[in-house]
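Have a look at the structure below before the remarks.
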């Protein structure tokens, strides 16, 4: 019963093993069946993973199910898993695949087979996601949201992963399964579109000067 | 000119520019401040780009801890169930490469069969932290292996004069008596690190985890500490324990409470709350707090199912007249009246 003892020590939320562990150390412990490491990974990543699943699927039940499926199969197959340099990126890419698969299964009945091959996530930004210093300014948030939602699907996803999920471009590429240069290209194009959005710039400069 | 703009676009989408806007890397901040001074003609585009990158700050704090914990508990329950129901079948069977695995397994099996013609290999069976297993020994006797235990025995007992198993952890045995051609019973031996248990045909439990103990349900067993000559003979209902100074101590089970985990139940036989707490903590990885000495001495007999921790706590609460509050992995046990109001104020799960 040795591994369980680790869990007993710290009942807190983000607890478990010590926070000083690197991703690969934590992953190694988890692969050995350390429940505390597994718990740490879960608590660290669950909120953002849930947001990601929700942003792709737009369905709370699907998001819940897919994340549960993913973590339970992670635990059962932990011995066969590879080395993870960035746990977050690994989980995001696994989750992305699973959500898209689930959505395909759900929509298979409704959509023509041909369409399935071009199936890409379509993330929609909401005003609640946007952070503006002035707390209650729903109007400004809406402007930012509008600007972001006008981007192409791919551009939105790159922006979402790089800025909302806060992972570097290199990992964005891994999660989306495209190459690094394409990620940069999408991001460049997206930022360029946004730089020419006068409404966005006005809202943002007001935000800044009202500090 | 066009080429130059292209280059600027790339620069403004770089990690280094993002670091500069977010002030997250002093090296990048200095680098960009210097660049802006040297290239005043880009002032406006830098201004715009800064505003844009600033608009990409998102609010990720809206997730509450309660939801995460609730889902974590659901996940734990699910994994526990899956592990229990799948204990006989390896998880890799469900992976897409199972065809390949099956072929490899087939090859392995044939190698093993071939190998068996020459050898009588040892089989080791192990359970992990959330796993129990029932297995049949070569003579048809049954073993229930508890969590984190392992048992080792010869694949075939046809040529062995004594049936032998080696045990680590905890197990429950149902041994069939077996007569040999000369009319004598064939012996059955359980070897543990400290004990040698000699049996003919009987039902008994062996635990080697904390303090080794053997509990006999029916029949008769002889027990000897390894390296010593004295033999203890157990009658049904009796148990033997190794005490802290390393000696074997025999006692009546009725006087000595025993917690069993067979069939997914705790069998309580006049056990005190403190003993139950110790068991539950070990099995579920919970921390259970109870400061009240008199509560710890309350006793309980009967059976409680083990598969759902919340049900188990609920039964304890009702049977022992307690208030049990669970907050994730911490469980508090309180007396019923004094803390009623205090408990109701908490947002945690109150039974």
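Residue numbers (the numbering used here), protein chains in the order written: chain F, 5 to 215; chain U, 613 to 963. Cβ atoms here follow ideal geometry from the backbone N, Cα and C, with glycine treated the same way.
Cβ-Cβ distances below 8 Å link residue 145 (chain F) to 131, 132, 134 and 136 in the same chain, with the five nearest sequence neighbours on each side left out; the list follows chain order. At a Cβ-Cβ threshold of 8 Å, residue 901 (chain U) and residue 944 (chain U) count as neighbours. Excluding sequence positions up to five before and after residue 777 (chain U), its CB lies within less than 6 Å of the CB of 763, 765 and 802, all in the same chain and listed in chain order.
Counting only Cβ-Cβ distances below 7 Å, residue 102 (chain F) has no contacts in chain U at all, with the closest Cβ about 14 Å away.
Of the residues assessed, residue 760 (chain U) falls on the buried side of the cut-off, its CB having 16 or more other CB atoms within 10 angstroms.
Between residue 797 (chain U) and residue 812 (chain U) a beta carbon distance of about 5 Å is seen, short of the 8 Å cut, so the two are scored as contacting. Within the DSSP secondary-structure output, residue 32 (chain F) pairs in no beta bridge.
In the assembly as shown, residue 89 (chain F) is an exposed residue. Its beta-carbon has fewer than 16 other beta-carbons within 10 Å. Annotation for residue 913 (chain U): no alpha helix (DSSP H) segment contains it, though the beta strand (DSSP E) segment containing it runs 911-917.
Residue 47 (chain F) sits away from residue 687 (chain U), with the two beta carbons spaced by 8 Å or more. For residue 856 (chain U), the nearest beta carbon of chain F is not closer than 8 Å to its own beta carbon. In the same chain as residue 648 (chain U), and ignoring 5 residues on each side of it, the C-beta atoms closer than 8 Å to its own belong to 654, 655 and 658, in chain order.
CA-to-CA, the gap between residue 933 (chain U) and residue 885 (chain U) works out to about 12 Å. Contact with chain F is found for residue 621 (chain U), since one of that chain's Cβ atoms lies less than 8 Å from the residue's Cβ. The stretch 80-99 of chain F makes no contact with the stretch 149-160 of chain F: fewer than 3 CB pairs, one atom from each, lie closer than 8 Å. U:918 is the residue among U:856, U:881, U:918 and U:909 whose C-alpha sits nearest the C-alpha of residue 893 (chain U). By the rule that beta-carbons nearer than 8 Å mark a contact, residue 196 (chain F) touches chain U. Distances from the alpha-carbon of residue 107 (chain F) to those of F:67, F:199 and F:176 put F:67 closest. Taking the C-beta atoms as reference points, residue 179 (chain F) is found nearer than 8 Å to residue 100 (chain F).
Residue environment: residue 143 (chain F) is assigned as exposed (fewer than 16 neighbouring CB atoms within 10 Å of its CB, all protein chains considered). The beta-carbon distance between residue 71 (chain F) and residue 27 (chain F), rounded to whole angstroms, is 19 Å. This is too long to meet the 8 Å contact definition. The C-alpha of residue 799 (chain U) is placed about 8 Å away from the C-alpha of residue 773 (chain U). Contacts with chain U at 8 Å (Cβ-Cβ) include residue 76 (chain F). Secondary structure note for residue 69 (chain F): its alpha helix (DSSP H) is the uninterrupted segment 64-80. The beta carbons of residue 847 (chain U) and residue 860 (chain U) sit about 15 Å from each other, so the pair does not count as a contact at 8 Å. With a threshold of 8 Å between beta carbons, residue 31 (chain F) makes no contact with chain U. Per DSSP, the unbroken beta strand (DSSP E) holding residue 738 (chain U) starts and ends at 734-738. Identification of chain F residues near residue 779 (chain U) by a Cβ-Cβ cut-off of 7 Å yields none; the smallest Cβ-Cβ distance measures about 16 Å.
Under a 10 Å Cβ-count criterion, residue 640 (chain U) is classified as buried, with 16 or more other Cβ atoms of the shown protein chains found around its own Cβ. When C-beta distances to chain U are compared with 7 Å, the residues of the stretch 157-183 of chain F below that value are 163, 167, 168, 172 and 173, in chain order. Residue burial annotation: residue 185 (chain F) is exposed, with fewer than 16 other C-beta atoms found within 10 angstroms of its C-beta. In the three-state reduction of the DSSP assignment, residue 98 (chain F) falls in the helix class. Secondary structure of residue 792 (chain U) (DSSP, three-state): coil. Secondary-structure assignment with DSSP links residue 844 (chain U) through a beta bridge to U:835. No residue range can be given for residue 168 (chain F), since it is assigned to no alpha helix (DSSP H) and is classified by DSSP as neither H nor E. Just so you know, the alpha carbons of residue 42 (chain F) and residue 744 (chain U) end up roughly 21 Å apart.
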